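The structure appears right after this line, and notes come after that.
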Amino acid sequence: MPVYFNNKAVSTGRDLLHTLIKMGETAKSHLDGIINNAGIIMPVYFNNFQHQATKNASLITDFNIFYTLNKLNIIIIMHDFELNLRNGFFNFIKENKYTKDLQDSQD
Numbered sequence: 000m001p002v003y004f005n006n007k008a009v010s011t012g013r014d015l016l017h018t019l020i021k022m023g024e025t026a027k028s029h030l031d032g033i034i035n036n037a038g039i040i041m042p043v044y045f046n047n048f049q050h051q052a053t054k055n056a057s058l059i060t061d062f063n064i065f066y067t068l069n070k071l072n073i074i075i076i077m078h079d080f081e082l083n084l085r086n087g088f089f090n091f092i093k094e095n096k097y098t099k100d101l102q103d104s105q106d
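When we follow numbering that gives the first Met the number 0, the leftmost residue of the sequence shown carries the number 0, and every step to the right adds one.
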């Protein structure tokens, strides 16, 4: 069954691919580099087929989607992030496993 947008039939798979390509272009322009790994936030109501379709589309766009999260996961992560900032320390771990502590400047 086709989906119509602005009186034009569109394919949801093509739209997903187009969205991921645009997302990659935007990230590359803001970060001045090549984006290899990405984390994607998906709605909670996505089923397994929709999650897999997103991962398959990411392969076409040369993204390595290393995790998919829903909004509830993001809320939990941000809450933990804010608690760490309030306590004065935040651990930042880069891909090369280098860890350093950033101290809050309000001491």
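A virtual CB, placed ideally from N, CA and C, is assigned to each residue, including glycine. This structure is a prediction, so every number in the text was calculated from the model and none was measured.
By the three-class DSSP mapping on this structure, what secondary structure does G23 have? Counting from 1 along the sequence shown, the entry for residue 23 is found at position 24. Here G23 sits in helix by DSSP.
Using C-beta distances below 7 Å, list every residue in its chain close to A26, excluding the 5 sequence neighbours before and after it, in chain order. Reading the sequence shown from its first residue, position 27 is the one you call residue 26. For A26, where only same-chain residues beyond five positions count, the Cβ hits under 7 Å are I34.
So A56 packs on L16, CB below 8 Å; how close in whole Å? On the sequence shown, position 57 is the one that residue 56 refers to. On the sequence shown, position 17 is the one that residue 16 refers to. Confirmed, about 5 Å.
Separation of N6 from L68, as counted between CA atoms: Stepping through the sequence shown from its first residue, residue 68 is reached at position 69. Stepping through the sequence shown from its first residue, residue 6 is reached at position 7. Note on geometry: alpha-carbon atoms of L68 and N6 lie some 33 Å from one another.
For the beta strand (DSSP E) containing N36, list its first residue and its last residue. Against the sequence shown, residue 36 aligns to sequence position 37. Note, N36: beta strand (DSSP E), N36 to I40.
List in chain order: all unbroken alpha helix (DSSP H) runs of 4+ residues lying wholly within the region 46-74. 47-59
Look at L71 and V43 and say whether their C-beta atoms are less than 8 Å apart. Position 72 of the sequence shown, counted from the start, is the residue given in the question as residue 71. Position 44 of the sequence shown, counted from the start, is the residue given in the question as residue 43. The answer is yes: Cβ separation under 8 Å.
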